[in-house]
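Step one of this worksheet: look at the structure below.
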């Protein structure tokens, strides 16, 4: 397999950002690319499942409340696929109550970050899965 990397150059990891708000996706994409990640976007859970199957990303940042297929249902579908079972899914949502965190973790999310969040906190969570 041929790569365009120079010897010793680190491989850029791919993060799938899933959110129904264009501005949120753009903000996360811009920030993550500055941190050295490749970013792919999906605007709902159905697109997230399809993109995850095609790309096998290194990590998924998943909004919870979305039309068509919400983030928890999308996470359950992703977790049911053998090749994606171990991909970290970080739920990001405005729902800050502990019960929402519990629902996200029960659905298969690896971590839960409530918004608004400090970028340093999200980066710490991401780096815990992608050192």
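Residue numbers (this note's numbering): 1045 to 1175. Beta carbons are placed, not taken as given, at the ideal position from N, Cα and C, and that holds for glycine. As the structure is a computational prediction, the values presented were derived from the model and not from experiment.
Kindly indicate the opening and closing residues of the beta strand (DSSP E) around residue i.
i            : result
residue 1058 : 1058 to 1062
residue 1085 : 1082 to 1086
Who does residue i pair with in a DSSP beta bridge?
i            : result
residue 1156 : 1135
Looking at the secondary structure, which residues open and close the alpha helix (DSSP H) in which residue i lies?
i            : result
residue 1141 : Run containing residue 1141: none; DSSP gives neither H nor E here.
residue 1077 : 1066 to 1078
residue 1130 : Per DSSP, residue 1130 belongs to no alpha helix (DSSP H) and is neither H nor E.
residue 1168 : 1163 to 1173
Determine the contact status of residue i and residue j, defining contact as a CB-CB distance below 8 Å.
i            : j            : result
residue 1133 : residue 1157 : no
residue 1108 : residue 1116 : yes
residue 1131 : residue 1101 : yes
residue 1120 : residue 1151 : yes
residue 1174 : residue 1069 : no
residue 1071 : residue 1096 : no
residue 1155 : residue 1079 : no
Which parts of the segment 1090 to 1123 are runs of the alpha helix (DSSP H), unbroken and 4 residues or longer, counting only runs that do not cross its ends? Counting whole runs of 4 or more residues, the segment 1090 to 1123 contains the alpha helix (DSSP H) stretches 1115 to 1123.
Three-pair Cβ contact test at 8 Å for the segment 1134 to 1154 versus the segment 1088 to 1097: no
Is it true that the segment 1079 to 1087 meets the segment 1053 to 1062, where meeting means three or more beta-carbon pairs spaced less than 8 Å apart? Contact between the segment 1079 to 1087 and the segment 1053 to 1062 is present: 3 or more CB-CB pairs across the two stretches fall below 8 Å.
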